[in-house]
Amino acid sequence: MDPIARDQISLGLLAGGRARRLGGLDKAWLVRGGVPQVLRLATCFGGQVAQVLVSANREPERLAAAGLEPVPDRVADAGPIGALEALAAACPTPWLFTLPVDLVDVDDGVLRMLLAARASDGARARDDDGPQPLVALWRVAAQRTAVADALAAGALAVQALQARLSLAEVAFEGVRFGNLNTPADLRSAGIAWADP
174 MDPIARDQIS
184 LGLLAGGRAR
194 RLGGLDKAWL
204 VRGGVPQVLR
214 LATCFGGQVA
224 QVLVSANREP
234 ERLAAAGLEP
244 VPDRVADAGP
254 IGALEALAAA
264 CPTPWLFTLP
274 VDLVDVDDGV
284 LRMLLAARAS
294 DGARARDDDG
304 PQPLVALWRV
314 AAQRTAVADA
324 LAAGALAVQA
334 LQARLSLAEV
344 AFEGVRFGNL
354 NTPADLRSAG
364 IAWADP
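Each step along the sequence shown adds one to the number in this note's numbering, with nothing skipped, and position 64 is 237.
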């Protein structure tokens, strides 16, 4: 399969969740080692993509001030599928690499591995904890169609969406990406936490 150049790929960070288990904290701005999560991931992968989009429904000015393009949901209360729909609609490149903003342990090799193993519509990741459907590379044209069909059918599971597409599954053996979902997760990642 032909290589895909940097100018053909956008990074889409999913940062629009409600973080109910964290009292509604905005995970994009959780600080680890002095760096907010959204900036950590944008910096890690920024050299491999043409543009960074952030699916976010709050603080668009703050994201824009950091040089990131905020992308609000266009479909209310659709969860991650709504974020994927908005990112695909806003994506100016043929390929979109998505990551949830609350990943703990991810490095810049992830995109290279997805690109190398991709099928016609892209690739999705599996780590030692199982499928990680939001860590994925999407051919945007196919993604747009599949997301529209999923939303029309009320099918909001990302794995079901991916089953409609030709995506290779890439196993990241010995890796756990982890997520910042609970106060215990924050403490484990070295993020100061005070119960709301």
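Just so it is clear, CB atoms sit at the ideal spot from N, CA and C, and this is done for glycine as well.
The model shown is predicted, which means the values in this text are computed figures rather than measured ones.
With 16 as the cutoff for other CB atoms within 10 Å, does residue i come out buried or exposed?
{"i": "PRO166", "result": "No information on residue 166 is available, as it lies outside the stretch 174 to 369 that the chain covers here."}
{"i": "VAL208", "result": "exposed"}
{"i": "ARG360", "result": "exposed"}
{"i": "ARG291", "result": "buried"}
{"i": "PRO253", "result": "buried"}
{"i": "GLN335", "result": "buried"}
{"i": "GLY326", "result": "Per the sequence shown, the amino acid found at residue 326 is Ala instead of Gly. Answer is exposed; the Cβ neighbour count stays below 16."}
{"i": "ALA296", "result": "buried"}
{"i": "VAL211", "result": "buried"}
{"i": "ALA263", "result": "buried"}
{"i": "ASP280", "result": "exposed"}
{"i": "ASP302", "result": "exposed"}
{"i": "ALA201", "result": "buried"}
Consult DSSP for residue i and reduce its assignment to one of helix, strand or coil.
{"i": "SER293", "result": "coil"}
{"i": "THR355", "result": "coil"}
{"i": "GLN305", "result": "strand"}
{"i": "ASP180", "result": "helix"}
{"i": "ALA298", "result": "strand"}
{"i": "GLN221", "result": "coil"}
{"i": "LEU186", "result": "strand"}
{"i": "THR271", "result": "strand"}
{"i": "GLU258", "result": "helix"}
{"i": "SER361", "result": "helix"}
{"i": "LEU340", "result": "strand"}
{"i": "LEU241", "result": "coil"}
{"i": "PHE350", "result": "coil"}
{"i": "ARG205", "result": "strand"}
{"i": "ARG247", "result": "coil"}
{"i": "VAL277", "result": "coil"}
{"i": "ARG235", "result": "helix"}
{"i": "LEU329", "result": "coil"}
{"i": "LEU226", "result": "strand"}
Kindly list the residues whose CB is nearer than 8 Å to the CB of residue i, restricted to its own chain and excluding five residues on each side of it in sequence; keep chain order.
{"i": "ARG337", "result": "ALA319, ASP322, ALA323"}
So residue i and residue j are supposed to be a Cβ contact under 8 Å. How far apart are they, rounded?
{"i": "GLN316", "j": "LEU269", "result": "7 Å"}
{"i": "PHE214", "j": "LEU288", "result": "Residue 214 is actually Leu in this sequence, not Phe. Contact flag wrong, Cβ pair sits at about 17 Å."}
Identify, in the order they occur along the chain, each residue of the same chain with its Cβ nearer than 6 Å to the Cβ of residue i, setting aside the five sequence neighbours on each side.
{"i": "ASP294", "result": "ARG312, ALA315, LEU338, SER339, LEU340"}
{"i": "GLY351", "result": "VAL277, ASP278"}
{"i": "GLN224", "result": "SER183"}
{"i": "PRO267", "result": "GLN181, VAL313"}
{"i": "PRO233", "result": "PRO243"}
Going along the chain, which residues of its own chain have a beta-carbon closer than 7 Å to the beta-carbon of residue i, five neighbours each way excluded?
{"i": "GLN332", "result": "PRO304, PRO306"}
{"i": "ALA362", "result": "ARG205, VAL277, LEU353"}
{"i": "PRO265", "result": "SER183, GLN224"}
For this session: Please determine if the region 177–188 and the region 256–268 are in contact, where contact requires at least 3 C-beta pairs separated by less than 8 Å.
Result: yes
For this session: State whether the region 312–321 contacts the region 236–245, with contact taken as three or more CB pairs (one from each stretch) at a distance under 8 Å.
Result: no
Problem set entry | Cβ contact (3+ pairs, closer than 8 Å) linking the region 203–223 and the region 306–316 | no
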